[in-house]
Amino acid sequence: MSAQSVENDVMIQTTDVEKWFGSLHVLQGISVTIKKGEVVVIFGPSGSGKSTFIRTLNRLEEHHRGEIVVDGTVLDNDVRNIETIRSEIGMVFQQFNLFPHKSVIDNVAMAPRLVRKMSKTEADELAMSMLELVKIPEQAYKFPGQLSGGQQQRVAIARALAMRPKIMMFDEPTSALDPEMIAEVLDVMIDLAKSGMTMIVVTHEMGFAREVADRLLMFDEGKIVEEGTPDKMFDNPQHDRTKEFLSRVL
Amino acid sequence: MTEPTTSSELRPVEDQSFATWVKVNLFSPWYNSVLTVVGAVMVILLLKVAIPFLLTAQWAAVTTNIQILLVGQYPSEELWRVGAGVLPMPFIVGAAWGVWGSMMRTFSVILIVASVLTVISSFFGDSMTPGFVLWFAVSPVLVLLGYTVGRRSFIGPRHVLIGWFLFLMLTLFLLRGFGEDSAMPYVSTSRWGGLLVTILIAQVGIAIVLPLGIVLALARQSNLWFFKAAALVYIEILRATPLLALLFLMLIVSPMFLPDITTPDRLMLAFIAIVMNNSAYMAENIRGGLQSVSKGQIEAAEALGMRGRHVTLFIILPQAIRATIPAIVGQFIILFKDTAVIALVGLLDLLGAAYAIILGQDAWRTADLEVFLFVAAVYWIFTYGMSSVSAGVEKRMRAGAD
Ligand SMILES: Nc1ncnc2c1ncn2[C@@H]1O[C@H](COP(=O)(O)OP(=O)(O)O)[C@@H](O)[C@H]1O
Ligand SMILES: [Mg+2]
Chain A
9 MSAQSVENDV MIQTTDVEKW FGSLHVLQGI SVTIKKGEVV VIFGPSGSGK
59 STFIRTLNRL EEHHRGEIVV DGTVLDNDVR NIETIRSEIG MVFQQFNLFP
109 HKSVIDNVAM APRLVRKMSK TEADELAMSM LELVKIPEQA YKFPGQLSGG
159 QQQRVAIARA LAMRPKIMMF DEPTSALDPE MIAEVLDVMI DLAKSGMTMI
209 VVTHEMGFAR EVADRLLMFD EGKIVEEGTP DKMFDNPQHD RTKEFLSRVL
Chain B
61 MTEPTTSSEL RPVEDQSFAT WVKVNLFSPW YNSVLTVVGA VMVILLLKVA
111 IPFLLTAQWA AVTTNIQILL VGQYPSEELW RVGAGVLPMP FIVGAAWGVW
161 GSMMRTFSVI LIVASVLTVI SSFFGDSMTP GFVLWFAVSP VLVLLGYTVG
211 RRSFIGPRHV LIGWFLFLML TLFLLRGFGE DSAMPYVSTS RWGGLLVTIL
261 IAQVGIAIVL PLGIVLALAR QSNLWFFKAA ALVYIEILRA TPLLALLFLM
311 LIVSPMFLPD ITTPDRLMLA FIAIVMNNSA YMAENIRGGL QSVSKGQIEA
361 AEALGMRGRH VTLFIILPQA IRATIPAIVG QFIILFKDTA VIALVGLLDL
411 LGAAYAIILG QDAWRTADLE VFLFVAAVYW IFTYGMSSVS AGVEKRMRAG
461 AD
């Protein structure tokens, strides 16, 4: 009984995950355990493998060694497992990647209709409630090209949430935004974190990290060089690479 | 947004006499003088030919033979079938105008103007049967009726497309007829002709070439080697073959495949050649569009759990087609003009009818220029209509992108 509940508490477990791009060893043994409701922020220099790592978690990239388990499902080459895992993980990209030929509401309602087989009315209702959550219901019938960057990224969050994922992943969600739009996106993410969503966020917004992160992971050259709570990492970093990197971004 | 106003249009005009206007606009800098002189010489040469021609032109060669130019040798007593079959067309053109708005307006305007001109010209001669005149008198009304229906909110692009497909099927069925002694006796396609065949073949061709091109383009990108190889061979061979060579090859080869008693339907052969040739090009156009869809789009769809089939159908393909619309319409225009090869297998399409008039009747042998000018004008009007659709789509897409 108690063993069972501990099992259920783990949303993502990776063990010694390794990956190569040709001869480039991008992931050199990544092991993390992420519990339900935990908010984990990943940071580190550009090219250190942060994107690649989170993209292996929903099979946008294939890993070559080690094991990935998402909510009890082992990520292997079985298409059904990949589909199960993808429908449990929502992902938000740096470049938004909204579907430009679809209206905002259709962007959000599309996957629930196609993947969850919802009716149009049901999916539209769900989409509207998600757009309310990210505070742009009034933009529902516009097209992505007519929105600001901050609004587009919030639609992207609504689109991911509409699949009712158990985990949300963000890959530098504010890096492509003009400075004045960063806050509106971070606010939505903070609300989400406080609502108990399990989140993995690649970001260099350290204010955000300090406010909501339970744990920080510092990536460098395909490895996790240091991890800990925001207080420990910001006030008392152990590793030289971490100190050096934080001195540049803080 | 307003453009900064630095252009010369806003310069004061009060001191511009005609002489200075000419000097500024036509003769400076020096190369403009050259262009002006060359242009003037060309205009004079053109007028020298055009004025005497227009003064003595025998347009009767066109008006007297309007029936053969419009429907070829379709039997006169069965012409009601053509009229009835084509009757839905003005309605559908009007409905398309109502649904898609201004970008489909040109075709409606063309149809209305051409119909009115035809009706008016019927007062000046008796070459047209009352049925013909009636058809052209009704057609503008149908365009406007179609427009009002198309404006209704519950009528969408889907309805127009379905209506168009049904119309094409119905028309082909009516034109062909069934048995010998039925109310609608069989009419061999060798007697179909004129503008009727040109626009019917073009429309059926367009309706087949676009989906076929999409399927070929997708097959070429497929992970299944067989589909990939088959599409590659088809596309590469047909793109490397001139349409005429393909057509002649088919004329020679097709009897070998058919039982001795049947003669190949030459209209069908020409049609197949046109479709095969154009679908290969269409596939390449679409493939370009498929490649223009960014990887991020596919990843976003996959991350949402969408299956490959859905990603292709709902994410990649719509964006690919949107990006390719100018090329697609360009291919439609080429296909429309390609229908002229029908004349080369001995059928009287618009071009074939023109030949038949000039070569077949001594009276019109000297009126070749008039007949061909008419034919060229008809081709031009249709291709102009198609380009204006393309321009309208591009304009709308640019507006959407901002
Ligand atoms: N598809 C790819 N093919 C080859 N190399 C890649 C590919 N994607 C990323 N890389 C390389 O892998 C390394 C890690 O990239 P990435 O995970 O994007 O880093 P980060 O997100 O930390 O900036 C970089 O050196 C990058 O150039
Ligand atoms: Mg990255």
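Here the protein sequences line up with chains A and B, keeping their order. Mapping of the first sequence onto the working numbering: residues 9 to 258, in sequence order. Mapping of the second sequence onto the working numbering: residues 61 to 462, in sequence order. For glycine and all other residues, C-beta sits at the position ideal for the given N, C-alpha and C.
- In this structure arginine 218 (chain B) is exposed. Its beta-carbon is surrounded by fewer than 16 other beta-carbon atoms within 10 angstroms.
- Beta-bridge annotation (DSSP): threonine 41 (chain A) is paired with A:Gln21.
- Closest by C-alpha distance to aspartate 239 (chain A), out of A:Arg223, A:Glu252, A:Glu180, A:Phe227, is A:Arg223.
- For the pair glutamine 246 (chain A) and glutamine 379 (chain B), the Cα-to-Cα distance works out to about 50 Å.
- Annotation: alanine 427 (chain B) to tyrosine 294 (chain B) spans about 43 Å, alpha carbon to alpha carbon.
- Ranked by Cα distance from serine 59 (chain A), the options A:Leu225, A:Lys125, A:Ala221 are led by A:Leu225.
- With a beta-carbon spacing of about 6 Å, leucine 306 (chain B) and asparagine 337 (chain B) fall inside the 8 Å limit used to define contacts.
- For valine 25 (chain A), the shortest separation between its Cβ and any heavy atom of ligand 1 does not lie below 7 Å.
- Proline 190 (chain B) sits away from isoleucine 172 (chain B), with the two beta carbons spaced by 8 Å or more.
- C-alpha of threonine 92 (chain A) to C-alpha of threonine 81 (chain A): approximately 8 Å in a straight line.
- Between the segment 196 to 204 of chain A and the segment 118 to 128 of chain A there are fewer than three C-beta pairs closer than 8 Å, too few to call the two in contact.
- Leucine 364 (chain B) belongs to the set of residues whose beta carbon lies under 8 Å from a beta carbon in chain A.
- Listed along chain A is no residue with a C-beta nearer than 7 Å to that of alanine 277 (chain B); the closest approach is about 18 Å.
- In the three-state reduction of the DSSP assignment, tryptophan 160 (chain B) falls in the helix class, which pools H, G and I.
- Cβ neighbours of histidine 212 (chain A) within its own chain (closer than 6 Å, five residues either side excluded): Phe51, Val257.
- Between ligand 1 and the CB of phenylalanine 227 (chain A), the shortest heavy atom gap is smaller than 7 Å.
- With fewer than 16 neighbouring CB atoms inside 10 Å of its own CB, threonine 129 (chain A) falls in the exposed class.
- Excluding its 5 nearest sequence neighbours in each direction, histidine 370 (chain B) has C-beta neighbours in its own chain below 8 Å: Ala361, listed in chain order.
- With the criterion set as a beta carbon lying under 8 Å from some beta carbon of chain A, the members of the segment 369 to 382 of chain B are His370, Phe374, Ile375, Pro378, Gln379, Arg382, in sequence order.
- In this structure valine 131 (chain B) is in contact with leucine 256 (chain B), their Cβ atoms being roughly 5 Å apart against a cut-off of 8 Å.
- The beta carbon of alanine 262 (chain B) does not come within 8 Å of any beta carbon belonging to chain A, so the residue lies off that interface.
- Within the same chain, and ignoring the five residues on either side of alanine 131 (chain A) in sequence, the residues whose Cβ sits closer than 7 Å to its Cβ are Ala117, Pro120, Arg121.
- Distances between the C-beta of aspartate 179 (chain A) and the heavy atoms of ligand 2 include at least one below 7 Å.
- Taking the Cβ atoms as the reference, valine 335 (chain B) lies roughly 6 Å from isoleucine 268 (chain B), within the contact range of under 8 Å.
- A straight-line Cα-Cα distance of about 36 Å links valine 176 (chain B) and leucine 303 (chain B).
- In this structure, asparagine 345 (chain B) keeps its C-beta atom at 8 Å or more from the C-beta atom of isoleucine 393 (chain B).
- For glutamine 103 (chain A), the C-beta contacts it makes with chain B under 8 Å involve Gly356, in order along the chain.
- Comparing alpha carbon positions, the residue from A:Val210, A:Arg218, A:Met241 closest to serine 54 (chain A) is A:Val210.
- Secondary structure note for methionine 99 (chain A): its beta strand (DSSP E) is the uninterrupted segment 97 to 100.
- Arginine 212 (chain B) sits in coil when the DSSP states are folded into three classes, being neither helix nor strand.
- Near ligand 1, meaning a Cβ closer than 5 Å to any of its heavy atoms, lie the following residues in chain order: A:Phe29, A:Val34, A:Ser54, A:Gly55, A:Ser56, A:Gly57, A:Lys58, A:Ser59, A:Thr60.
- Here glutamate 180 (chain A) is buried, its C-beta having at least 16 other C-beta atoms within 10 Å.
- The beta carbons of threonine 22 (chain A) and valine 40 (chain A) sit closer together than 8 Å.
- Between methionine 207 (chain A) and valine 48 (chain A), the C-beta spacing is below 8 Å.
- When 8 Å is used as the limit between beta carbons, histidine 109 (chain A) is near these residues of chain B: Pro378, Gln379, Arg382, in chain order.
- Remark: three or more beta-carbon pairs, one from each stretch, lie closer than 8 Å, so the segment 263 to 281 of chain B and the segment 340 to 359 of chain B are flagged as touching.
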